[in-house]
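Okay, structure first, notes after.
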Amino acid sequence: MNFQIKKYKRKYKNQIISVWEKSVLATHHFLSPTDYIEIRDLLQDYDFSILDMFCLTDEDTIIGFIGLHNSKIEMLFLDPTYIGKGLGKQLIQFATSKRGATLVDVNEQNISAKNFYEKLGFVTYERTEKDDFGKDYPLLRMKLITI
12 MNFQIKKYKR KYKNQIISVW EKSVLATHHF LSPTDYIEIR DLLQDYDFSI LDMFCLTDED
72 TIIGFIGLHN SKIEMLFLDP TYIGKGLGKQ LIQFATSKRG ATLVDVNEQN ISAKNFYEKL
132 GFVTYERTEK DDFGKDYPLL RMKLITI
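Here this note's numbering is used: position 56 in the sequence shown is 67, and no number is missing along the way.
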């Protein structure tokens, strides 16, 4: 396996959406089917290039991606086949060390994501009742603590 982090290109969009779909179905069990479809449909028209976006590849196949805006991680998704192999950590280390990322929002119901970020030094500093779309999915706003 030859993993590389590459800057996003428009030609990656369909692969990114495919990774998002597989990842969300495997990890976001709390998400209603209606909300899943709504978000998936929004992604079809989303311009990923507005983010500082990077793709994790194995040869020419996208297996994960991370999107940043300023110092905030806006999205991080991995193909479920690759979860638990240190690749998400690799993307976070890239984002924090090379791009200055220090913030992330995590769905409160996504316990594995919360634990993942905590292991990497993030702590919760705020909780919201609803997500950024006004849906009943509380968010934990987390920041990286450096000692």
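Just so it is clear, CB atoms sit at the ideal spot from N, CA and C, and this is done for glycine as well.
So, helix, strand or coil for residue i, using DSSP?
i	result
T45	helix
L53	helix
Q26	helix
F105	helix
Y136	strand
T157	coil
E32	helix
G75	strand
T38	helix
N126	helix
Do residue i and residue j have their C-beta atoms within less than 8 Å of each other?
i	j	result
Y23	S60	no
F76	F88	yes
Just checking my contact of residue i with residue j at CB under 8 Å: how many whole Å lie between their CB atoms?
i	j	result
V134	I84	Not quite, the Cβ-Cβ distance comes to about 14 Å (not below 8 Å), so this is no contact.
F127	G99	6 Å
D90	I103	Contact doesn't hold; Cβ gap of about 16 Å is too wide.
D63	L79	4 Å
Examine chain C for any beta-carbon lying closer than 8 Å to the beta-carbon of residue i, and answer yes or no.
i	result
P91	Among the protein chains of the structure shown there is no chain C, as only one such chain exists.
Does the segment 149-158 come within contact of the segment 127-140, defined as at least 3 CB pairs closer than 8 Å?
In short, these stretches touch, since the Cβ pair count reaches three.
If contact is defined by three or more beta carbon pairs under 8 Å, each pair taking one atom from either stretch, is the segment 57-76 in contact with the segment 120-129?
The segment 120-129 is not in contact with the segment 57-76.
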